[in-house]
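Asker:
Protein chains: 2
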Amino acid sequence: MVPGAVWHYDHAVEYGERLVNTHSCIISQFDRIIDLSPDEIGLLEALERDPRSHEEGKVLWEHGAPVREFHTLTRGWACSMCLLPGGERQVLEVFLPGQIMGLRELGFPRTQSALVALTEVEVCPFPRQYLVTLFQQSARLAELLFLLQTREQSMLTERIISVGRRPAAERLAHFVLEIKSRLGTTSLSFEFPLRQDLVGDALGLSSVHVSRTLSQLREDGLMCVSAGRVEILDMDGLIEFCGFNRAYLEPLINWPGGDLPPDRQGMTM
Amino acid sequence: MVPGAVWHYDHAVEYGERLVNTHSCIISQFDRIIDLSPDEIGLLEALERDPRSHEEGKVLWEHGAPVREFHTLTRGWACSMCLLPGGERQVLEVFLPGQIMGLRELGFPRTQSALVALTEVEVCPFPRQYLVTLFQQSARLAELLFLLQTREQSMLTERIISVGRRPAAERLAHFVLEIKSRLGTTSLSFEFPLRQDLVGDALGLSSVHVSRTLSQLREDGLMCVSAGRVEILDMDGLIEFCGFNRAYLEPLINWPGGDLPPDRQGMTM
DNA sequence: CGCCATCTTGAGGTCTATCAATTTCAGTGG
DNA sequence: CCACTGAAATTGATAGACCTCAAGATGGCG
Chain X
941 MVPGAVWHYD
951 HAVEYGERLV
961 NTHSCIISQF
971 DRIIDLSPDE
981 IGLLEALERD
991 PRSHEEGKVL
1001 WEHGAPVREF
1011 HTLTRGWACS
1021 MCLLPGGERQ
1031 VLEVFLPGQI
1041 MGLRELGFPR
1051 TQSALVALTE
1061 VEVCPFPRQY
1071 LVTLFQQSAR
1081 LAELLFLLQT
1091 REQSMLTERI
1101 ISVGRRPAAE
1111 RLAHFVLEIK
1121 SRLGTTSLSF
1131 EFPLRQDLVG
1141 DALGLSSVHV
1151 SRTLSQLRED
1161 GLMCVSAGRV
1171 EILDMDGLIE
1181 FCGFNRAYLE
1191 PLINWPGGDL
1201 PPDRQGMTM
Chain Z
941 MVPGAVWHYD
951 HAVEYGERLV
961 NTHSCIISQF
971 DRIIDLSPDE
981 IGLLEALERD
991 PRSHEEGKVL
1001 WEHGAPVREF
1011 HTLTRGWACS
1021 MCLLPGGERQ
1031 VLEVFLPGQI
1041 MGLRELGFPR
1051 TQSALVALTE
1061 VEVCPFPRQY
1071 LVTLFQQSAR
1081 LAELLFLLQT
1091 REQSMLTERI
1101 ISVGRRPAAE
1111 RLAHFVLEIK
1121 SRLGTTSLSF
1131 EFPLRQDLVG
1141 DALGLSSVHV
1151 SRTLSQLRED
1161 GLMCVSAGRV
1171 EILDMDGLIE
1181 FCGFNRAYLE
1191 PLINWPGGDL
1201 PPDRQGMTM
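Those protein sequences? They're chains X and Z, same order as listed.
Last residue of the first sequence: number 1209 in the working numbering, and the count goes up by one each step with no gaps.
Last residue of the second sequence: number 1209 in the working numbering, and the count goes up by one each step with no gaps.
1) Taking only beta-carbon atoms, is Ile1040/Z less than 7 Å away from chain X?
2) Please report the distance separating the alpha-carbon of Ser1155/X from that of Glu980/Z.
3) Are there 16 or more other CB atoms within 10 angstroms of the CB of Ala1167/Z, so buried, or fewer, so exposed?
4) Is Ile1172/X helix, strand or coil by DSSP?
5) Measure from the C-beta of Tyr1245/Z to each C-beta in chain X and report whether the shortest distance is under 7 Å.
6) Quick one: Cα of Asn961/Z to Cα of Glu1009/Z, how far?
7) Could you tell me which chain Z residues have their CB closer than 8 Å to the CB of Ala1082/X, listed as they occur along the chain?
8) So with CB distances below 7 Å, who are the chain X contacts of Phe1010/Z?
9) Output yes if chain X places a C-beta closer than 7 Å to the C-beta of Leu1192/Z; else output no.
10) With 7 Å as the threshold, decide whether the Cβ of Leu1096/X is near any Cβ in chain Z.
11) Assign Phe1086/Z to one of three DSSP states: helix, strand, or coil.
12) For Leu1023/Z, list the residues DSSP reports as bridge partners.
13) For a cutoff of 7 Å on Cβ pairs, would you count Pro1025/X as touching chain Z?
14) For Arg1099/X, would you say it is in contact with chain Z, using Cβ-to-Cβ distances shorter than 7 Å as the test?
15) For chain Z, is any of its Cβ atoms less than 7 Å away from the one on Thr1090/X?
16) Please name the residues in the region 1155-1188 of chain X whose beta-carbon is closer than 8 Å to at least one beta-carbon of chain Z, in chain order.
17) Where does the unbroken alpha helix (DSSP H) through Ala1113/Z begin, and where does it stop?
18) Can you list, in chain order, the residues of its chain with a C-beta nearer than 8 Å to that of Gly1161/X? Leave out the 5 residues immediately preceding and following it.
19) Given that Gly1260/X touches chain Z, what residues does it touch there, using C-beta distances under 8 Å?
20) Leu1192/X: buried (16+ other C-beta within 10 angstroms of its C-beta) or exposed?
21) Listed in chain order, which residues of the region 1097-1121 of chain Z have Cβ atoms closer than 7 Å to some Cβ of chain X?
22) Beta carbon of Ala1113/Z, beta carbon of Cys1182/Z: below 7 Å?
23) At what residue ranges does the region 979-1019 of chain Z contain a whole run of the alpha helix (DSSP H), taking only runs of 4 or more?
24) Would you call the CB atoms of Trp1017/X and Thr1059/X closer than 7 Å?
25) For Pro1065/X, go through chain Z and note every residue whose CB falls closer than 8 Å to its CB, in chain order.
26) Taking Cys1022/Z as the query, report the chain X residues whose CB atoms sit under 7 Å from its CB, ordered along the chain.
27) Just how far apart, CA to CA, sit Leu1189/X and Met1021/X?
28) What span of residues does the beta strand (DSSP E) with Glu1131/X cover, start to end?
29) When burial is assigned at 16 or more other CB atoms within 10 Å of the CB, is Asp990/X buried or exposed?
30) Going by alpha carbons, who is nearest to Gln1089/Z out of Ser964/Z, Cys965/Z, Phe970/Z?
31) Which chain Z residues are close to Gly1047/X, counting only those with a beta carbon under 7 Å from its beta carbon?
32) Rounded to whole angstroms, what is the Cα-Cα separation between Asp1141/Z and Val1031/Z?
33) Hey, out of Ser1127/X, Gly1104/X, Arg1111/X, Arg1122/X, whose CA is closest to Thr1153/X's CA?
34) Is it true that the CB of Pro1065/X sits closer than 7 Å to the CB of His1011/X?
35) Determine the direct distance from the alpha carbon of Thr1051/Z to that of Gly1027/Z, and round the result to whole angstroms.
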């Protein structure tokens, strides 16, 4: 980490259950992957220069809208979703603070999915063209964005595995463990503001079956999801139960810092 | 297109049913998205300098192997897949000629999935480090790679929609139409060298159910999949039936060529 | 001709969806 | 403080989609 950049990080405050940096949510995410120069930090700061609040349910863009801007998420939860002709929904991505939302849309003239706030959120819009600027001004940031997208992609492939091949209970367990891992919390109890119908739409299940299956997981002493919170009752049991391996959430640290790290792909949390 | 680059394209030959460029498979793909300079073409040519043939079934890398190199696919079909503890498989991506395989792995020290040849293939390996070089030497190529990844990502999200919310018949129809669109063939009959168990593993179905459902689609006069070929019997009917919209396969043309194109997101093929 | 992989077909069972009724609970106003 | 309200969650009953197991058909290939 660059010494001159330290001041960016020293105002972190306990915010709910997550350590949120008052200056830059994005940078603290990125900086875990590569060491950022002051110039690079300057470029990234432009990504969250314009904070705006929206209430739960706000549609930041519709499916099929022209792709004009992206948003960084600095507070709250959001998701991308599609509506099918028959009225079914499919949730594609769940966004947590520190993420840039909508990078996937960059390659298209019109959005491939809707973007919706799941809680009250704070987002910072920035124009599409700024990303092009960023690519031109810093090859390392281009790499960084690319790496972040590989992580997004791995979350999508892991979802395909869940929906394609895991039974409902394992799907739910895996989903919750992914969220926990992404939140970076070590606590066995954390906020989880997703309603059951939304979880169902993320995992290809009906809300009724989500309810039943969560009851089952509770009776089995694995986890308890209710009232906007998750309580992990048996961490090891859960990991074992759904075969969770957090490797797919861990892009390279200090890239491209040379050698491959030793095999860290354990089942540990 | 740059005049000096024309010679790269004038040796295209009819190869089976697809137009394959004898000089560079990759470049002809990329060049549809942005105009490439001679320098950029030179950089890209390094990606297919070292062609090698492999037989059907060859494992190019195992799940969990160190990420040391990527492969461009210049002939044949391949796929990425995961094996689950219970022995189930999930096919994640199907690769066709002209694609760089494994970019998704760049962000990780070890591969997140296996890479397997589905037919006899010709692939060109190149070292991981070369991508970093490429990012440093050309911001436009970095952008281009990023755009290609947004397309990969959209194929993954579309698969999530299929597996999560579409019944088996629509899943199969959508999958076949995606392949047809990606092959770029206008013919209603084309090669399709995927066995039914593999299709099932891509779509979260059992091979038995794939067989039954394909029979159904044949009886309904929509399409006929057999003996390594697809015959589309009723193109409009198929598109209507599964709600196929090829927009997610069409990244920006001549990016960043300025204005957004008019709404091309029709249901046309 | 026989062998093997692949595909097909049948029967029965499991998982999940759907529909509908009930409960819970936070918010609201009397 | 308590009834009223509406969204969300739970529960029960039934139906349907898909899976598994197993037997038979098909077709390429030595």
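We treat Cβ as the ideally placed atom computed from N, Cα and C, and that holds for glycine.
Answerer: So, from the listed chains and residues:
1) The residue you call residue 1040/Z lines up with position 100 of the second sequence. For Ile1040/Z, the answer is no, since every Cβ of chain X falls outside 7 Å of its Cβ.
2) As a first step, residue 1155/X is located in the first sequence; it is residue number 215 there, counting from the start. As a first step, residue 980/Z is located in the second sequence; it is residue number 40 there, counting from the start. Between Ser1155/X and Glu980/Z, the C-alpha separation is close to 57 Å.
3) Mapped onto the second sequence, residue 1167/Z falls at position 227. Under this definition Ala1167/Z is an exposed residue.
4) Locating residue 1172/X in the first sequence gives position 232, where the first residue counts as 1. It is a strand residue.
5) Because chain Z is modelled from 941 through 1209, residue 1245/Z falls outside the range shown and cannot be assessed.
6) Against the second sequence, residue 961/Z aligns to sequence position 21. Against the second sequence, residue 1009/Z aligns to sequence position 69. Confidence in Asn961/Z is poor, its pLDDT being 41 and thus under 50, which makes the residue's placement unreliable; the coordinate value appears in the next sentence. Cα-Cα distance, rounded: 24 Å.
7) The count along the first sequence starts at 1 and reaches residue 1082/X at position 142. Simply Phe1075, Ala1079, Ala1082, Glu1083, Phe1086.
8) Indexing the second sequence from 1 puts residue 1010/Z at position 70. Those within 7 Å of Phe1010/Z in chain X number zero; the least Cβ separation is about 12 Å.
9) As a working mapping, residue 1192/Z is identified with position 252 in the second sequence. Chain X, which has a Cβ nearer than 7 Å to the Cβ of Leu1192/Z, makes this yes.
10) Walking along the first sequence from the start, residue 1096/X turns up at place 156. Taking Cβ atoms only, chain Z reaches closer than 7 Å to Leu1096/X, which makes this a yes.
11) Within the second sequence, the letter at position 146 stands for residue 1086/Z. Phe1086/Z falls in the helix class under three-state DSSP.
12) Start at 1 with the first residue of the second sequence, and residue 1023/Z comes out as number 83. Leu1023/Z pairs with Arg1029/Z.
13) For this step, residue 1025/X is matched to residue 85 along the first sequence. Pro1025/X counts as touching chain Z.
14) Here residue 1099/X refers to the residue found at position 159 when the first sequence is read from its first residue. So, interface residue.
15) Along the first sequence, one-based indexing puts residue 1090/X at 150. True, the Cβ-Cβ gap to chain Z drops below 7 Å.
16) Gly1183, Ala1187, Tyr1188
17) Counting from one through the second sequence, the residue named residue 1113/Z turns up at place 173. Here the alpha helix (DSSP H) through Ala1113/Z covers 1108-1123.
18) Numbered from 1 along the first sequence, position 221 holds the residue referred to as residue 1161/X. Excluding residues within five positions, the ones whose Cβ falls inside 8 Å are Leu1173, Asp1174, Gly1177.
19) What the structure shows of chain X is the stretch from 941 to 1209, and residue 1260/X is not part of that stretch, so it cannot be assessed.
20) Counted from its first residue, the first sequence places residue 1192/X at position 252. Classification of Leu1192/X: buried, given that the 10 Å Cβ count is 16 or more.
21) Thr1097, Arg1099, Ile1100, Ile1101, Val1103, Gly1104, Arg1105
22) For the purposes of this step, residue 1113/Z is taken as the residue at position 173 of the second sequence. For the purposes of this step, residue 1182/Z is taken as the residue at position 242 of the second sequence. Cβ atoms of Ala1113/Z and Cys1182/Z: closer than 7 Å.
23) none
24) Here residue 1017/X refers to the residue found at position 77 of the first sequence. Here residue 1059/X refers to the residue found at position 119 of the first sequence. In contact: Trp1017/X and Thr1059/X (Cβ atoms closer than 7 Å).
25) For the purposes of this step, residue 1065/X is taken as residue 125 along the first sequence, with counting starting at 1. Result: empty, since nearest Cβ-Cβ is about 17 Å, beyond 8 Å.
26) As a position in the second sequence, residue 1022/Z is number 82, starting the count at 1. Those within 7 Å of Cys1022/Z in chain X are Ile1101.
27) Indexing the first sequence from 1 puts residue 1189/X at position 249. Indexing the first sequence from 1 puts residue 1021/X at position 81. Roughly 21 Å between the two C-alpha positions.
28) The sequence position of residue 1131/X within the first sequence is 191, counting from 1. Per DSSP, Glu1131/X belongs to the beta strand (DSSP E) from 1129-1131.
29) Stepping through the first sequence from its first residue, residue 990/X is reached at position 50. So Asp990/X counts as exposed.
30) Counting from one through the second sequence, the residue named residue 1089/Z turns up at place 149. Comparing Cα-Cα distances from Gln1089/Z to each of Ser964/Z, Cys965/Z, Phe970/Z, the minimum goes to Phe970/Z.
31) Within the first sequence, residue 1047/X is the residue found at index 107, counting from 1. Per Cβ cutoff of 7 Å: Leu1087, Thr1090, Arg1091, Pro1191, Leu1192.
32) Within the second sequence, numbered from 1, the residue matching residue 1141/Z stands at position 201. Within the second sequence, numbered from 1, the residue matching residue 1031/Z stands at position 91. C-alpha separation (whole angstroms): 5 Å.
33) Start at 1 with the first residue of the first sequence, and residue 1153/X comes out as number 213. Nearest C-alpha to Thr1153/X: Arg1111/X.
34) Counted from its first residue, the first sequence places residue 1011/X at position 71. Counted from its first residue, the first sequence places residue 1065/X at position 125. Yes, the pair counts as a contact, with Cβ atoms nearer than the cut-off.
35) Translated into positions along the second sequence, residue 1027/Z becomes position 87. Translated into positions along the second sequence, residue 1051/Z becomes position 111. Gly1027/Z and Thr1051/Z: Cα-Cα distance of roughly 19 Å.
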